[in-house]
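Trainee:
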Amino acid sequence: MQKTINLLLVALALLVACRAVAHEDHHHHHYDPVIIGYVFSPDKPLDPDTIAAEKLTHINYAFSNIENGKVVNGFDFDDDNYQLLQSLKKRNPSLKILSSVGGWTWSGGFSDMALTPQSRQTFIDSAVAFVRRHQLDGIDIDWEYPGLTGAGNTHRPEDGVNFTQVLKGLRSAFDKLEKELGRELLITIATGGFPDYLAKSDIGNWQAYLDYINIMAYDYNFPRDGGTTGHHTALYSHPDDDSGQSADAAVTHHMAAGVPAHKLVVGVAFYGRAWTEVEPGNAGLGQTAKAGQPAFGSSRYHNLREAVIGQGDYTRHWDDLAKAPWLWSEKERTFVSYDDPESVAAKVKYIREQKLGGVMFWQYTSDYNHELLDTINKAFGRRH
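Sequence positions in the sequence shown follow mature numbering (1 follows the signal peptide of the UniProt record, and there is no 0) and run -22 to -1, 1 to 362.
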């Protein structure tokens, strides 16, 4: 009798294991990458007609703030804008709308919020109320950065492990809220794409409670007076680039820290970085420069495309090792690092090859006639 029971238990265990493998296998074969657009409109209402809802899977509306440890609206038009974003679901019923909390400017309250069980619960309760109020599909937490100063923020060595407790509690609260609302609720975060971020994090534990981890794979080389020009959003690290940083390096480090590939989302920059008073040589790449304002003004892709690329003295160059373009004007002594359709397509190809979660970009209104967004969709083989 005992032998029969043992055999039955073994058979049952095998069946469960087979089902688990089949489930994993199904997940593995059904590759459905996300396209997450950060939408930022701090000073005016959104025009929903300008947002191509069918070309996105998720919108992260930036930013909500933290006040007294609670999630609150960030800008005057937020109530209206959340409603306008909801209206996009008529055109794309599967579109997910999240609120992104924090960002570079508003990350000052995170460390205090995460510090105690009471302060964490205050935040979690407010996030639940915020999701209800705006009918959201989840929360994206953009803490820049746990354990690091960021924009001169309060930070502590225990931020990483405290954030694990925040995410654990938030996931538990969202699980309950899902039953009540009858729909899925997501938790995502934006992460720094540099080694010190991961060193101060507890990301191997965070990831268990997260749907997606959006790597900010940009601003790797940043204009500083006396600094050196370089790619700000390269796919691969160029051997001559002392920063050693790139999207690929960030993905590799995130995976080494315990994040599964399917949760990693690679950030693309819909804006450039410009250096002025650049020393000539090598078409401006890797040269000493200053961080002045270029004559053409904004380095958003929209402005680069309209007023700089292929105009005047500006020549486009391509780094085939880094898979990154740059613009150089010897006359203006100006160097611009940016993403364009060729570099964006290369990133999507990489994402597909590595079976990563998908792509995100900062930020929607900086595109030019949907040129970069259309490139993403086309490179993923999406038809719209």
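Cβ coordinates follow ideal geometry from the N, Cα and C atoms, glycine included.
Where are the alpha helix (DSSP H) runs, 4 residues long or more, that stay fully inside the segment 248 to 331, in chain order?
Mentor: DSSP runs (the alpha helix (DSSP H)) wholly in the segment 248 to 331: 279 to 285.
Trainee: Alpha carbon to alpha carbon, what distance is there between G288 and G336?
Mentor: Your numbering for residue 336 matches position 358 in the sequence shown. Your numbering for residue 288 matches position 310 in the sequence shown. Taking the straight line joining both Cα atoms gives about 31 Å.
Trainee: On the criterion of 16 or more Cβ atoms from any shown chain inside 10 Å, does E122 qualify as buried, or is it exposed?
Mentor: By one-based count along the sequence shown, residue 122 stands at place 144. It is buried - the Cβ of E122 has at least 16 other Cβ atoms within 10 Å.
Trainee: Between V243 and the ligand HEM, is the CB less than 8 Å from at least one heavy atom?
Mentor: Questions concerning the ligand HEM fall outside what the structure shown contains, since it holds no ligand whatsoever.
Trainee: Any idea what DSSP makes of N59, helix, strand or coil?
Mentor: For the purposes of this step, residue 59 is taken as residue 81 along the sequence shown, with counting starting at 1. N59: helix per DSSP, three-state reduction.
Trainee: What first and last residue would you give for the alpha helix (DSSP H) that runs through E158?
Mentor: Taking the first residue of the sequence shown as position 1, residue 158 is located at position 180. Here the alpha helix (DSSP H) through E158 covers 137 to 159.
Trainee: Helix, strand or coil, according to DSSP, for T169 in the structure here?
Mentor: Indexing the sequence shown from 1 puts residue 169 at position 191. Strand at T169.
Trainee: Quick check on the DSSP output: what are the complete beta strand (DSSP E) runs of length 3 or more inside the segment 38 to 102, in order along the chain?
Mentor: Complete beta strand (DSSP E) runs here, min 3: 48 to 50, 74 to 80.
Trainee: So the beta strand (DSSP E) W340 belongs to, where does it begin and stop?
Mentor: Indexing the sequence shown from 1 puts residue 340 at position 362. Note, W340: beta strand (DSSP E), 336 to 340.
Trainee: How would you label H209, buried or exposed, when you count the other beta carbons within 10 angstroms and need 16 or more for buried?
Mentor: As a working note, residue 209 is residue 231 in the sequence shown. Burial call: buried.
Trainee: Give a yes or no on whether the C-beta atoms belonging to L76 and D118 are separated by under 9 Å.
Mentor: Along the sequence shown, read from residue 1 onward, the residue named residue 76 stands at position 98. Along the sequence shown, read from residue 1 onward, the residue named residue 118 stands at position 140. Cβ atoms of L76 and D118: closer than 9 Å.
Trainee: Where does the unbroken beta strand (DSSP E) through N192 begin, and where does it stop?
Mentor: Position 214 of the sequence shown holds residue 192. Here the beta strand (DSSP E) through N192 covers 190 to 194.
Trainee: With the cut-off set at 9 Å, would you say Y39 and D58 are in Cβ contact?
Mentor: Taking the first residue of the sequence shown as position 1, residue 39 is located at position 61. Taking the first residue of the sequence shown as position 1, residue 58 is located at position 80. Not closer than 9 Å, so no.
Trainee: Report all residues from its chain with a CB closer than 7 Å to the CB of P135; omit the five preceding and five following residues, and keep chain order.
Mentor: The residue given as residue 135 occupies position 157 in the sequence shown. Closer than 7 Å at the Cβ level, and outside the excluded window around P135, lie G125.
Trainee: With burial defined as no fewer than 16 other Cβ atoms inside 10 Å of the residue's Cβ, what is the status of H231: buried or exposed?
Mentor: Here residue 231 is taken as the residue at index 253 of the sequence shown, counted from 1. It is buried - the Cβ of H231 has at least 16 other Cβ atoms within 10 Å.
Trainee: So, helix, strand or coil for F108, using DSSP?
Mentor: Residue mapping note: residue 108 aligns to position 130 of the sequence shown, counting from 1. Correct three-state label for F108: helix.
Trainee: By DSSP, does I117 sit in helix, in strand, or in coil?
Mentor: Here residue 117 is taken as the residue at index 139 of the sequence shown, counted from 1. If DSSP states are grouped into helix, strand and coil, I117 belongs with the strands.
Trainee: Measure the CB-CB distance between R98 and N46 and report whether it falls below 9 Å.
Mentor: For the purposes of this step, residue 98 is identified with residue 120 of the sequence shown, where counting begins at 1. For the purposes of this step, residue 46 is identified with residue 68 of the sequence shown, where counting begins at 1. No, Cβ-Cβ distance for R98 and N46 is not below 9 Å.
Trainee: Report back the beta-carbon spacing between Y16 and F339 to the nearest angstrom; my notes put them in contact at under 8 Å.
Mentor: The residue given as residue 16 occupies position 38 in the sequence shown. The residue given as residue 339 occupies position 361 in the sequence shown. Yes, they are in contact, since the Cβ atoms of Y16 and F339 sit about 7 Å apart, within 8 Å.
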